[in-house]
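K.L.:
Going line by line, the protein sequences match chains A and B. If you count by this note's numbering, then the first sequence holds residues 1 to 403, one letter each, in order. If you count by this note's numbering, then the second sequence holds residues 404 to 539, one letter each, in order.
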Amino acid sequence: MELTAEEQAILAGEQGAAAKKAIEILVALGTVYEAENLVPVSSVQVAGVSYGNVGQAGLEFIREWADEGARVKVPTTLNPAGMDLEAWAEMGVPEEYARPQLELIEAFRAMGITISCSCTPYLLGVRPQLGEHIAWSESSAVSYANSVLGARTNREGGPSALASAITGRTSNYGLHLDHNRKAQLLVDVKCPVLSVADYGALGYLVGQKAGDSVPYFRMSTGQNPGPDELKTLGAAMAASGAVALYHLEGVTPEADLAGVLGPDLPAITIESLEEGYEALDGSGRAIDLVWIGCPHASLAEIEQVADLLHSRTLVADLWITVARPVLEAATTSRLAAKLQAAGGRLVADACLIGTPLREMGYTSVATNSAKGAFYLRSLQRLQVRFGSLTQCIEAAVTGSWKP
Amino acid sequence: LETVKLRGRVIRDGQARGEALVSTQPIGFFGGVDPETGVVVEPGHELEGQAIAGSILVFPHGKGSTVGSYTLYRLSRRGLAPSGIINTQSEAIVAVGAIIAGIPMVDHVDISQIESGDTVTIDGEIVEIAQRDTRT
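The following block contains the structure:
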């Protein structure tokens, strides 16, 4: 691997033990994946933020690195935590869960990381440009950055993302290189795909078939996915498969570049989304929690929820998970107050996949997120109903699911 | 007693010596190895129930959650980590784990030449295997 004079100096320990450890991680990854060099990154999003996932091992390591003097060099944000870092008690999160979570956040803060815990750092926050190198972690954020923004990132683990933040660099392999960004699977979609839930069901189906390859979508005419639909599509493919980049003809920025769609690609045809809905939707009528915002909701999605509520009050709990800047914007625009008046709640910083929902007394959850449904069923073993936003809001108002 | 010398690719430089513990299956450290005891706990894994502490752990590659890197770190802090790691083809989880836990690690090694119980020495890119004399 070719290292610059400055990088060699860091490796020799001239910028301290913390920076040395960071560049050792990048060089080891560069060795494993045969990178020729390191490249500068403009932003970092760090995984391994939920204490429920990283446990005592992660907490000890991050604390030790911070104590050694690890400080970030580029704008760095965090993945969602298991709770709202400010309103966790109101959420009903037990204190024995909250305490180590807050200790972990303090260790990140000591490194100079912006305490914004979100899977959508690109909403009202960091928005990398076409071709920019970044080091992001969360699978749906990685997919959105690569596919919709045209930025370049591999899916980083916790320590490698921190290593990039501390050095301002990443190893130049995988999706940082042109030739790995070409389409590898052609997906012809013949059925209408309309709602966010539809895009989730489509993503679920394609992710299963695509694995970690790069799918290229060709939609039948009249489809017009916006940012929220693209976010959902990518999130679902990263959950049921390991897709980190996709192209959508006429929509995503690299889809129509020369050479992206080669000849003679393997192809699949999607005629119906039914199979996706069947796999994600459970049974049972009673609903005690409705979850919107996986990935974290945009302002537009919060507005849609408020409109569907029509000032009705809720029987089930309704939580919308968001990035903190989106929460702040919703508070300023009185949107948050409108939701609270109905009995709904905006939850910042958190991902409910990592929240101890069963311990908090919930047994059945409705969501319009394919990714959310997929993980709540497999990881938390909850009763899950999956359907459109309208169905979800009706379930929140009535406490029961109407197919 | 026969000695075999192999050359691999350094992932984490260093020297280590110990008894080989060989798995033909990939190892997922997060959830697959108990961080409090260093015992493999993945149900049905060929090393299930075996302690990895102090061994030269030999397996094709890692698998599972990236949190596995932290598991290796925690094991090393408690003196329960392997003293060296040899892979066929390493990947990010175990490579990063070896760096942060300070475990000498080599890959691109033909692991079929190593059996559990062999005494193995890692010195940079060189892997030396003193084969157990019970081998036929």
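Glycine included, each C-beta is placed from N, C-alpha and C at the ideal position.
Would you mind telling me which residues of chain B sit closer than 9 Å to T77/A, beta carbon to beta carbon, in chain order?
P.N.:
Under the 9 Å cutoff, chain B gives no residues; its nearest Cβ is about 18 Å from T77/A.
K.L.:
Enumerate in chain order the residues of its own chain whose CB-to-CB distance from G131/A is below 8 Å, with the five nearest sequence positions on each side excluded.
P.N.:
The answer, listed in chain order, is G150, A151 and R152.
K.L.:
For S160/A, return the contacting residues in chain B, with the cut-off set at a CB-CB distance below 7 Å.
P.N.:
Per Cβ cutoff of 7 Å: A495 and V499.
K.L.:
Is it true that the region 51-69 of chain A meets the region 169-186 of chain A, where meeting means three or more beta-carbon pairs spaced less than 8 Å apart?
P.N.:
These segments do not touch.
K.L.:
Are the C-beta of T474/B and some C-beta of chain A separated by less than 8 Å?
P.N.:
True, the Cβ-Cβ gap to chain A drops below 8 Å.
K.L.:
Under 7 Å between beta-carbons, which chain A residues line up against R480/B? List them in chain order, please.
P.N.:
Within chain A, the residues near R480/B are E60.
K.L.:
Compare the C-beta of G69/A against all C-beta atoms of chain B and say whether one is closer than 8 Å.
P.N.:
Not an interface residue.
K.L.:
When the cut-off is 8 Å and only beta carbons count, does Q15/A lie next to chain B?
P.N.:
Closer than 8 Å: no.
K.L.:
On the three-state DSSP scale, how would you describe T539/B?
P.N.:
Reliability fails at T539/B, whose pLDDT of 49 lies under 50, so the model's placement of it is uncertain and the value that follows must be treated cautiously. In this structure, T539/B counts as coil in the three-state DSSP scheme.
K.L.:
When you compare the CB of L376/A with every CB in chain B, is at least one pair closer than 8 Å?
P.N.:
False, the Cβ-Cβ gap to chain B never drops below 8 Å.
K.L.:
Please confirm whether A19/A has its beta-carbon closer than 8 Å to some beta-carbon of chain B.
P.N.:
Not closer than 8 Å to any Cβ of chain B, the Cβ of A19/A fails to qualify, so no.
K.L.:
Between L409/B and chain A, is there a C-beta pair that is closer than 8 Å?
P.N.:
Taking Cβ atoms only, chain A never reaches closer than 8 Å to L409/B, which makes this a no.
K.L.:
Check the Cβ-Cβ distances between T355/A and every residue of chain B, and say whether any is below 8 Å.
P.N.:
With 8 Å as the cut-off, T355/A does not count as an interface residue toward chain B.
K.L.:
The beta strand (DSSP E) spanning W401/A covers which residue range?
P.N.:
First-last for W401/A: undefined, no H or E at that position.
K.L.:
Could you run through the region 424-439 of chain B and flag, in chain order, every residue whose CB is less than 7 Å away from some CB of chain A?
P.N.:
Within the region 424-439 of chain B, the qualifying residues are P438.
K.L.:
By the DSSP assignment, the alpha helix (DSSP H) with P215/A in it spans what residues?
P.N.:
Counting along the chain, P215/A falls outside any alpha helix (DSSP H), though it belongs to the beta strand (DSSP E) covering P215 to M219.
K.L.:
To which residues of the same chain is I529/B closer than 7 Å at the C-beta, ignoring the five residues directly before and after it?
P.N.:
Closer than 7 Å at the Cβ level, and outside the excluded window around I529/B, lie K408 and R410.
K.L.:
Grab the span of the beta strand (DSSP E) containing Q418/B for me, first residue to last.
P.N.:
First-last of the beta strand (DSSP E) with Q418/B: Q418 to V425.
K.L.:
Tell me which residues share the same chain as Q418/B and place their Cβ nearer than 6 Å to its Cβ, disregarding the 5 neighbours each side in the sequence.
P.N.:
Counting only Cβ-Cβ distances below 6 Å, and skipping sequence neighbours, we find D526.
K.L.:
Quick check: the Cα distance between L309/A and V397/A, rounded to an integer number of angstroms?
P.N.:
Their Cα atoms are separated by approximately 8 Å.
K.L.:
Helix or strand or just coil, what does DSSP make of T332/A?
P.N.:
Three-state DSSP puts T332/A in a helix.
K.L.:
Is there at least one Cβ from chain B nearer than 8 Å to G48/A's Cβ?
P.N.:
Interface residue, yes.
K.L.:
According to the Cβ coordinates, are A244/A and V142/A closer than 8 Å?
P.N.:
Yes; because the gap between Cβ atoms is below 8 Å, this pair is in contact.
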